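K.L.:
Listed in order, the protein sequences are those of chains A and B.
Counting from 2, one number per residue, gives the positions in the first sequence under the working numbering.
Counting from 2, one number per residue, gives the positions in the second sequence under the working numbering.
A virtual CB, placed ideally from N, CA and C, is assigned to each residue, including glycine.
Bear in mind the structure is a predicted one, so any value in this text is a computation, not a measurement.
I'd like to ask you about the structure that follows.
Number of protein chains: 2
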Amino acid sequence: MRLLWQRAVRLQKLMPQTHLAPHTHARRLLATTSASARGGGQEEKENPKWSSPGSKAEIFLYGAFWAGGLGLGYVWLTRRYSSTPDEEVKPDDEAVARLWHITPRKDLPTYKTEQVEQHNAPDKGIWVTYGLGVYDVTEFAENHPGGDKIMMAAGSAIDPFWAIYQQHNTLEVLELLESFRIGNLEGLTVPNAEEELGSPWAQEPERHALLKPASKRPFNAEPPIGLLAEKFYTPNEMFYVRNHLPVPVLVPEEYELEIDTSGGEQGGPLLTLTLAQIKALPRHTVTAAIMCGGNRRSEMTDIKAVKGLSWGAGAVGNAKWSGARLCDVLREQGVQPNESMHVIFEGADLDPTSHPYGASIPLSKALDPRGDVLLAYEMNDEPLTRDHGYPIRVIVPGVVGARNVKWLTRIMVADHESDSHWQQNDYKGFSPSTDWDTVDFSKAEAIQAMPVTSAICTPLPGERVKVDPQGGYITVRGYAWSGGGRKILRVDLTGDEGKTWHVAELEQEDSPDGRHYGWSLWTARLPIPEEQQQRRKAGGSGELEIWAKAVDSAYNVQPEKFEHIWNLRGVLANAYHKVKVKLA
Amino acid sequence: MRLLWQRAVRLQKLMPQTHLAPHTHARRLLATTSASARGGGQEEKENPKWSSPGSKAEIFLYGAFWAGGLGLGYVWLTRRYSSTPDEEVKPDDEAVARLWHITPRKDLPTYKTEQVEQHNAPDKGIWVTYGLGVYDVTEFAENHPGGDKIMMAAGSAIDPFWAIYQQHNTLEVLELLESFRIGNLEGLTVPNAEEELGSPWAQEPERHALLKPASKRPFNAEPPIGLLAEKFYTPNEMFYVRNHLPVPVLVPEEYELEIDTSGGEQGGPLLTLTLAQIKALPRHTVTAAIMCGGNRRSEMTDIKAVKGLSWGAGAVGNAKWSGARLCDVLREQGVQPNESMHVIFEGADLDPTSHPYGASIPLSKALDPRGDVLLAYEMNDEPLTRDHGYPIRVIVPGVVGARNVKWLTRIMVADHESDSHWQQNDYKGFSPSTDWDTVDFSKAEAIQAMPVTSAICTPLPGERVKVDPQGGYITVRGYAWSGGGRKILRVDLTGDEGKTWHVAELEQEDSPDGRHYGWSLWTARLPIPEEQQQRRKAGGSGELEIWAKAVDSAYNVQPEKFEHIWNLRGVLANAYHKVKVKLA
């Protein structure tokens, strides 16, 4: 308990503006530790069941306490429509659907909280509440797109989870939920904690108006792709944002990074570094593109629906990152190479059960000086912004964005991967025939290095493009990148479905292969066959489909189409980029 | 001169059975060194022009001296038909064509050797002789599939080159050459060295009868693909052979490996290691598949002709290699990491101008303990065979076969890649629209790590396959591999053009990713749709096309088809493997 308390005090120091007292942090930590941990006096008073932190009722009460519970849906709804409605909302239907869970259904029975609590496992049935609705999700639970997470709410309220994971607040999901409705919840037993604690979203930073949100809470947004290839280093305020949880508020003077190498071979004692200490380590700068595992997912969705945010081709950016090298820190601690070990990262962003966002990478990558893994404090020569992990994030060049943990608070050397949802049950690839009935996340490897990809940034789909009157060509521009430090060797363009290919000019850094972590921008002059130009002048459609494909230094090439790489999570969407334009 | 002589004596020690006296070695070396080197007495006597080793006439005389010159073609022809004719030969036409160059053409003028010698550059015209034919190849030279090599024979005889590169001895090439014929060569000025020196092919080893030659001289052969996936470690005698030149004869007691690190940062003095000394270094074993850059070229040829040996899918094998680690040797010599440097390897196999086979890899790969580069003396726990580089070859795991130099005699750390033909003007990839008119080898990167690939080994194309009566499936088996140490994560099979995919079971070593150099064998049960089984029983064709595709640990996947990865050299042929079978 003492250790837990110390850690809570430390977290409290890190996040003084989150209105959470140390004992609240301790409770959160308790909920994440083994059953051998026992709660102390104050927790007992507030919740007699606290000493068995695994119980669903406890998570229910705690979660509701933290994020608002019953009534929050309504508050949120009214606020929502008094401010800026999302573009994708159909106000009529969805506004009505948003009232269902706070409206009693007279055709259905009423249940007590205790009755709901008893239905917290597949063999007992899985019930959840949302507002005052009671829902039987036993059948649905195993198909839940978010995986096991739904079990955290089994026998309790989903309100605090949905307050975080707002991708649930769509007409489709609300309709699905209402179809599981079996009754109404008796009484209002849950305190409205909204006012006491503030919304977890109250401290979100301001964002650039050009960032197009794929979701607002958590905030996930990409810049307009037409601007993306204009600058080799993506401007910080235009860099795509991929948050899994609310943005934590960290105070630099109080920031501490805990480095636990005791699980490694010859690892040293626990090390705690302040921001000043990290900045005092030898500074190292690396150019690296960071790409979301779901970049270009929207194109894959055209084949068949997938679960995930509908990213365009803008969930990538290229920046110059500066910080201390993780390999220096680990070696200084005495950590020896071991092929079966991992380095686990935790962020200060916490989910409703107080689990931090987490991910891991192989120790071999972390220890390799050519791996260039950084404890980064600067992005394009400026301090990180809050959306990009201020004050410290880990940069794992060549590796999927999800492992580049932001708001880094803890590093552990361990003989296993991170047990976080995002490492275990997300960001993995599957065969096109694997569906939500057959998927087994434990059988697939977590994405680390990303495959080769490219995208056409200009012209945009549907754009009217002027053919150069002298040269008979159009100019096409975009980016290309491959993971694992593999340099882009070539980008090929075609306007006739591959009958002829035209090699683009590359703009790239002169980094060595294997350590070439930045992206390549490319420009191609794509000749328009005379015949096609004539057809257009004669009043034909003048439509042209442009294809781009990149080749990396292992001579890997993008697959032609999405059909055969489709996967249920819509990750790794790296088929040829195809854009239809009109010749002007 | 002294140094040259020493090196020649050393080479002579290495290859006592090649009938070459030290002065002959010295002459060879001389031909490969800068113009500042000057010949000594004996060479002067034999060839007054020897002191200007760059002259074409000298190479002509020397080359002819070495390999046989005039008359060899005829000798070779008669021998050929008295032994085993190649399958692809059309005896009538080709036998006649093989006589053309030793038959005077009365309709054409006669030229002196000196006249031929004057035509040795594009601006003066490029003439060559073959037998007693004189040919003007000025126009053809720039389209020569072998690149600049043709210029080595400019103004002189091609006979010694064709004796090595016997891919020229086809009806097509002989017809092309005769179309350039402009005259007859006066007199017989070239000594017949055949008897003095023996054919360079006289010392070739015995090979296993099951190895199917794609070419006999140099020997290039693959095992039947149907046997390839039977054993995880390919039996040594069944391992594909890719020789670029005649197999040298090296005596283990005399073998020496020269290691020149003086070009590297903090490199040490010249080091010479005997075989015993190499074996005394710490022994390291690594499982690695070696794959020819042209593996599966024959499938690419189906799209459009390419230049290169017609390999099936058997130009790959998997073995356990043992030897000393190159990184240990280089570090012991003090070599420091440097991202812009390379390690150059030379073999004891020499071309007609005495240039050794050569290749290079980045220094970063050579110095990386995870790179596992070996000075290998054992293959599957047995000493290397002569065809696989006895007594020492370098094993560069994860990298195209061409860099795994056999009969290794010299290692150099340098600030540039190997200047060998095979590094500079071969084993590179190009866009599908690059042809022999537009290709610029200097603009493409030498292949190092190979892309992900897979092949179906059984059933064979056209085979009648029995559907399992209970399960309604057929069993499909093959291999998959990716370069750069990337592990195979998954192999997907389809029998309905990708409408449904079935994941294969993998057999692979438990090596860590990034260091997973061995191949993966796989077995899949491919369900046959009931409908198709019925159709077959009703007398339908019962034909089934099976596709296989592999996914590596960077989630790179094979491209669907060859059309968009076609390249003029037919390398990197890693599209889906597609095999049509008949259901029995």
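(1) Cα separation between G74 of chain A and G315 of chain A?
(2) So what does E546 of chain A bridge to, in DSSP terms?
(3) Could you give the uninterrupted runs of the alpha helix (DSSP H) lying entirely in the segment 444–517 of chain A, keeping only those of 4 residues or more?
(4) Out of B:E347, B:H343 and B:A549, which one is the CA nearest neighbour of P460 of chain B?
(5) Put I103 of chain A into one of helix, strand or coil per three-state DSSP.
(6) For the alpha helix (DSSP H) containing T302 of chain B, list its first residue and its last residue.
(7) Select from the segment 149–164 of chain B all residues with a C-beta closer than 7 Å to any C-beta belonging to chain A, and list them in chain order.
(8) Excluding sequence positions up to five away, which residues of its chain have a Cβ less than 6 Å from the Cβ of G399 of chain A?
(9) Suppose you measure from the CA of P105 of chain A to the CA of R298 of chain A; what does that come to, to the nearest Å?
(10) Just mark L109 of chain B as buried or exposed, buried being the case when its beta carbon has 16 or more other beta carbons within 10 Å.
(11) Which two residues bound the contiguous alpha helix (DSSP H) that contains E333 of chain B?
(12) Please confirm if G484 of chain A has its CB atom under 8 Å from at least one CB of chain B.
(13) Could you name the residues of chain B that N557 of chain A contacts, counting a contact when the two beta carbons are closer than 7 Å?
(14) Nearest-angstrom Cα distance between A505 of chain B and D124 of chain A?
(15) Which of the three DSSP states is assigned to A574 of chain B in this structure?
(16) Can you pull out the residues from the segment 469–501 of chain B whose beta carbon lies closer than 7 Å to at least one beta carbon of chain A?
(17) Using beta-carbon positions only, say whether A445 of chain A and I345 of chain A come within less than 8 Å of one another.
(18) Just to confirm my understanding: we take A58 of chain A, look at its own chain, exclude 5 residues before and 5 after, and list those with CB closer than 7 Å. What are they?
(19) Quick one: residues in its chain with C-beta nearer than 7 Å to the C-beta of T175 of chain B, no 5 flanking neighbours on either side, listed in chain order?
(20) Ordered along the chain, which non-local residues of its own chain (more than five positions away) have a Cβ less than 7 Å from that of W202 of chain B?
(21) Go ahead and label L271 of chain A buried or exposed: buried means 16 or more other beta carbons lie within 10 angstroms of its beta carbon, across all protein chains shown.
(22) What residues from the segment 414–446 of chain B come within 7 Å of chain A, judged by C-beta to C-beta, listed N to C?
(23) Within a Cβ cutoff of 8 Å, which residues of the same chain sit near G359 of chain A, ignoring the five residues on either side of it in sequence?
(24) My output table needs one value for H422 of chain A: the three-state DSSP class, helix, strand or coil.
(25) What is the DSSP secondary structure of E347 of chain B, counted as helix, strand or coil?
(26) Closer than 9 Å, Cβ to Cβ, to anything on chain B: give me those residues from the segment 333–344 of chain A, in chain order.
(27) Could you check whether the Cβ of D373 of chain B sits closer than 8 Å to any Cβ belonging to chain A?
(28) Distance check for P253 of chain B and I566 of chain B, CA to CA, integer angstroms please.
(29) Work out the CA separation of L229 of chain B and G72 of chain B for me, nearest whole Å.
(30) Which residue marks the beginning of the alpha helix (DSSP H) containing L537 of chain B, and which one marks its end?
(31) Kindly list, in the order they appear in chain A, the residues whose Cβ is closer than 8 Å to that of V397 of chain B.
(32) Going by the beta-carbon positions, is the gap between Y256 of chain A and P392 of chain A smaller than 8 Å?
(33) Suppose only complete runs of 4+ residues qualify. What are the alpha helix (DSSP H) ranges in the segment 353–412 of chain B, listed by chain order?
(34) Kindly give me the distance between the Cβ atoms of S443 of chain B and Y480 of chain B, rounded to whole angstroms, as I take these residues to be in contact under 8 Å.
(35) So for W202 of chain A, helix, strand or coil by DSSP?
(36) Once you ignore the five residues that flank R371 of chain B on each side, which residues in its own chain have a CB closer than 6 Å to its CB?
P.N.:
Judging by the given coordinates:
(1) Within the first sequence, residue 74 of chain A is the residue found at index 73, counting from 1. Within the first sequence, residue 315 of chain A is the residue found at index 314, counting from 1. With a pLDDT of only 32 at G74 of chain A, under the threshold of 50, the placement of this residue in the model should not be trusted; the figure read from the coordinates follows. The straight-line gap from Cα to Cα measures roughly 32 Å.
(2) Numbered from its first residue, the first sequence carries residue 546 of chain A at position 545. Answer is A:K581.
(3) none
(4) Stepping through the second sequence from its first residue, residue 460 of chain B is reached at position 459. Selected option, being the one with the closest Cα: B:A549.
(5) What you label residue 103 of chain A is simply residue 102 of the first sequence in a count that begins at 1. In this structure, I103 of chain A counts as coil in the three-state DSSP scheme.
(6) Position 301 of the second sequence, counted from the first residue, corresponds to residue 302 of chain B. Looking at the DSSP string, the run of the alpha helix (DSSP H) that includes T302 of chain B is R298 to T302.
(7) none
(8) As a working note, residue 399 of chain A is residue 398 in the first sequence. Same-chain partners within the cutoff: A450, G484, G485, G486 and Y518.
(9) Start at 1 with the first residue of the first sequence, and residue 105 of chain A comes out as number 104. Start at 1 with the first residue of the first sequence, and residue 298 of chain A comes out as number 297. Going by the C-alpha atoms only, they are around 38 Å apart.
(10) Along the second sequence, one-based indexing puts residue 109 of chain B at 108. So L109 of chain B ends up on the exposed side.
(11) As a position in the second sequence, residue 333 of chain B is number 332, starting the count at 1. Segment L327 to E333, the alpha helix (DSSP H) holding E333 of chain B.
(12) Mapped onto the first sequence, residue 484 of chain A falls at position 483. Yes, because at least one Cβ of chain B sits closer than 8 Å to the Cβ of G484 of chain A.
(13) Position 556 of the first sequence, counting from 1, holds the residue named residue 557 of chain A. Going along chain B in sequence order, the residues near N557 of chain A (Cβ under 7 Å) are P452, V453 and N557.
(14) Your numbering for residue 505 of chain B matches position 504 in the second sequence. Your numbering for residue 124 of chain A matches position 123 in the first sequence. Whole-angstrom Cα-Cα distance: 33 Å.
(15) Residue mapping note: residue 574 of chain B aligns to position 573 of the second sequence, counting from 1. Coil at A574 of chain B, not helix or strand.
(16) G484, G485, L490, R491, D493, G499 and T501
(17) As a working note, residue 445 of chain A is residue 444 in the first sequence. As a working note, residue 345 of chain A is residue 344 in the first sequence. Cβ distance not < 8 Å, so A445 of chain A and I345 of chain A don't count as in contact.
(18) One-based indexing of the first sequence puts residue 58 of chain A at position 57. Residue placement at A58 of chain A cannot be trusted, given a pLDDT of 37 that sits under 50; the coordinates are not used to answer.
(19) Working through the second sequence from its first residue, we reach residue 175 of chain B at position 174. In the sequence under discussion, the amino acid at residue 175 of chain B is Leu, which differs from the Thr named in the question. Contacts found: A98, R99 and W101.
(20) Here residue 202 of chain B corresponds to residue number 201 of the second sequence, with the count starting at 1. The residues are R218 and P247.
(21) Position 270 of the first sequence, counting from 1, holds the residue named residue 271 of chain A. With fewer than 16 Cβ atoms within 10 Å of its Cβ, L271 of chain A is classed as exposed.
(22) G430, S432, P433, S434 and E446
(23) Taking the first sequence and counting its residues from 1, one reaches residue 359 of chain A at position 358. Result list for G359 of chain A: I345, F346, E347, G348, V406, S419, D420, S421, W423 and Q424, in chain order.
(24) The sequence position of residue 422 of chain A within the first sequence is 421, counting from 1. Three-state DSSP puts H422 of chain A in a helix.
(25) Here residue 347 of chain B refers to the residue found at position 346 when the second sequence is read from its first residue. Strand.
(26) P338, E340 and S341
(27) Translated into positions along the second sequence, residue 373 of chain B becomes position 372. Cβ-Cβ to chain A under 8 Å: no for D373 of chain B.
(28) One-based indexing of the second sequence puts residue 566 of chain B at position 565. One-based indexing of the second sequence puts residue 253 of chain B at position 252. Taking the straight line from one Cα to the other gives about 43 Å.
(29) In the second sequence, the residue the question calls residue 72 of chain B occupies position 71. In the second sequence, the residue the question calls residue 229 of chain B occupies position 228. Any answer about G72 of chain B is weak, because its pLDDT of 31 lies below 50 and its placement is not dependable; what the coordinates show is given next. Each residue's Cα considered, the two are about 41 Å apart.
(30) As a working mapping, residue 537 of chain B is identified with position 536 in the second sequence. According to the sequence shown, residue 537 of chain B is Arg rather than Leu. Looking at the DSSP string, the run of the alpha helix (DSSP H) that includes R537 of chain B is E531 to K538.
(31) Residue mapping note: residue 397 of chain B aligns to position 396 of the second sequence, counting from 1. Per Cβ cutoff of 8 Å: no residues; V397 of chain B is ~13 Å from chain A at best.
(32) The residue labelled residue 256 of chain A in the question sits at position 255 within the first sequence. The residue labelled residue 392 of chain A in the question sits at position 391 within the first sequence. Yes.
(33) 364–368
(34) Working through the second sequence from its first residue, we reach residue 443 of chain B at position 442. Working through the second sequence from its first residue, we reach residue 480 of chain B at position 479. That pair is no contact at about 34 Å.
(35) Against the first sequence, residue 202 of chain A aligns to sequence position 201. Reduced to three states, the DSSP call for W202 of chain A is coil.
(36) Taking the first residue of the second sequence as 1, we reach residue 371 of chain B at position 370. R516, listed in sequence order.
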